[in-house]
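Numbering (our numbering), first residue to last: 201 to 436.
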């Protein structure tokens, strides 16, 4: 009990409770915001490690220092047989200790997050080409818009706007060059061919940064509205 009384006297327990509450709040915010900005689970794990280090720092500071009317001073050991005073220094000591620990933890977190790669999740859907025709085709543009809309509904993806993507219709630039100008990690393009009441859509997905095709598929259906919507859903 003597150790427990000393921890109470130095407000170590109160600091621990306050710090853990703040750490829990920070983790809740991080779990919401970090994935939205493309950070992986490794960033959350790094933040947990940083907060653990910050907890140790906060407890050490709470044990060693106290806030007095004369400022921050080293806490004196309680003499043997001395009763614990009913009222000690103002509660501002807790805020000061947590502030110092939070600054240190924030610095360590910044260092850790800077080393965590962002997940690649930005995709550009280039205008679909119509085989056998030079001019833009209303049907093909409608197919392109439908796929773009479906992909935009996936919250884990950042989809480049249709206006920006349309600037590269018929472009002679390479995929890495187009991706660099659009700020995209992935590029989806397709060719559409119609004939004899049939439609064939050939789709390719490329890792534009490395200029490598990672997926391709052909969709051949009877030319009906139901089938067209089905193709759009399967592509997305």
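Quick reminder that beta carbons are idealized off the backbone N, C-alpha and C, glycines included. Source: prediction; values computed, not measured.
Original post:
Looking at C-alpha atoms only, which residue of 372, 396, 353 is the closest neighbour of residue 326?
Top reply: 372
Original post:
What did DSSP end up calling residue 290 once you bin it into helix, strand or coil?
Top reply: Note that residue 290 scores 47 on pLDDT, short of 50, meaning its location in the model is unreliable; the coordinates nonetheless yield the value given after this. Reduced to three states, the DSSP call for residue 290 is coil.
Original post:
Going by other Cβ atoms of all chains shown within 10 Å of its Cβ, with 16 needed for buried, is residue 252 buried or exposed?
Top reply: exposed
**OP:** Could you please give the first and the last residue of the uninterrupted alpha helix (DSSP H) stretch that includes residue 378?
**Re:** 375–382
Subject >> Limits of the alpha helix (DSSP H) - the one that residue 364 falls within >> reply: 362–366
**OP:** Could you please give the first and the last residue of the uninterrupted alpha helix (DSSP H) stretch that includes residue 352?
**Re:** 338–352
**OP:** For residue 444, collect the residues of the same chain with a Cβ closer than 6 Å to its Cβ; drop the 5 residues on either side in sequence, then sort them by chain order.
**Re:** Outside the displayed range of the chain (201 to 436) lies residue 444, so it cannot be described from this structure.
Subject >> Cβ neighbour criterion (16 or more within 10 Å) applied to residue 330 >> reply: buried
Subject >> Assumed close pair residue 414, residue 407 - CB separation to whole angstroms, cut-off 8 Å >> reply: With 8 Å as the limit, residue 414 and residue 407 qualify as a contact, their Cβ atoms being about 5 Å apart.
Original post:
Excluding sequence positions up to five away, which residues of its chain have a Cβ less than 8 Å from the Cβ of residue 360?
Top reply: Excluding positions up to five away in sequence, the list reads 322, 323, 324, 325, 382, 383, 384.
Subject >> Cut-off 8 Å between Cβ atoms - residues of its own chain near residue 244, not counting five sequence neighbours on either side >> reply: 227, 230, 231, 234
Original post:
How would you call residue 388, buried or exposed, if buried means at least 16 neighbouring beta carbons within 10 angstroms?
Top reply: buried
**OP:** Tell me, to the nearest whole angstrom, how far the beta carbon of residue 258 is from that of residue 328; I am working on the premise that it is less than 8 Å.
**Re:** 57 Å between Cβ atoms; not a contact.
Original post:
Relative to the C-alpha of residue 412, which residue among 376, 394, 395 is closest?
Top reply: Among 376, 394, 395, the Cα nearest to that of residue 412 belongs to 376.
**OP:** Using alpha carbons as the reference points, say which of 221, 347, 420 lies closest to residue 402.
**Re:** 420
**OP:** Report yes if the CB atom of residue 362 is closer than 8 Å to the CB atom of residue 348, and no otherwise.
**Re:** yes
**OP:** State the DSSP-derived secondary structure class of residue 408, mapped to helix, strand or coil.
**Re:** coil
Original post:
When the Cα atoms are used, what is the spatial distance from residue 370 to residue 378?
Top reply: 12 Å
Original post:
Per DSSP, residue 417 forms a beta bridge with which residues?
Top reply: 403
**OP:** Would you tell me roughly how many angstroms separate the C-alpha atoms of residue 256 and residue 219, rounded to the nearest one?
**Re:** 10 Å
Original post:
Can you tell which of 397, 374, 346, 213 has its C-alpha closest to the C-alpha of residue 263?
Top reply: 213
**OP:** Count the other CB atoms, across all protein chains shown, that sit within 10 Å of the CB of residue 246; report buried if there are 16 or more and exposed otherwise.
**Re:** buried
Original post:
By how many angstroms is the C-alpha of residue 366 removed from the C-alpha of residue 249?
Top reply: 45 Å
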